[in-house]
Amino acid sequence: MTERIELKSEDDTIALGYTLAHHCLNYLNQHDDTIIIYLEGELGAGKTTFSRGFLRALGHLGNVKSPTYTLVEPYEFETFSVYHFDLYRLADSEELEFMGIRDYLAKRCICLVEWPQKAGDVLPQPDIKIELLYKQLEREAIIHPLSEKGITIQRG
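Using our numbering, you'd call the opening residue of the sequence shown number 1 and step up by one each time.
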């Protein structure tokens, strides 16, 4: 069920975030659960741009910046939370334990995780992995649903 999507502009990346956010919201309206989404790609590939579109689709009106120095930025909504993690500067995966990563994952929430490979085996497996790749002057998103939950979300 891997899906490839051409992203010809920043607006396309934001639109992809909007679409997936609505699919996640549909899922959360029917399930009391946690959704884990890994965002992979080189610096500047569009991970934070995707996250901006995702959060705006859910109703967040403020800035969306990459939490590079704080590691996590929480966004509270009426019935759930979104935690945007950026693990680029993570020196040791044990730092996640010290910051209480399990507390974040134990709630009804969506976790957007940039640079998940830095976490070692501390994070659970994702429901969806999105690879954002450079493709000449454009970008490409490859969406991998990696659980039954991920497949359900991808279908909308």
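Glycine residues also receive a C-beta, built at the ideal position from the N, C-alpha and C atoms.
Determine the contact status of residue i and residue j, defining contact as a CB-CB distance below 8 Å.
i: C24; j: I142; result: no
i: V72; j: Y104; result: yes
i: D127; j: L112; result: no
i: T34; j: K118; result: no
i: P116; j: L87; result: yes
Thinking just about the alpha-carbon of each residue, which of the options is nearest to the one in residue i?
i: L90; options: Q154, G120 and D127; result: G120
i: G100; options: W115, Y88, E114 and Y83; result: Y83
i: L20; options: G53, E10, Q30 and F77; result: G53
i: E148; options: T48, P116, Q136 and I36; result: I36
On the DSSP letters alone, give me the boundaries of the alpha helix (DSSP H) that residue i sits inside.
i: R155; result: E148 to R155
i: F98; result: E94 to F98
i: L105; result: I101 to L105
The beta strand (DSSP E) spanning residue i covers which residue range?
i: K129; result: I128 to K135
i: R139; result: E138 to P145
Count the other CB atoms within 10 Å of the CB of residue i; is the residue buried (16 or more) or exposed (fewer)?
i: K8; result: exposed
i: T13; result: buried
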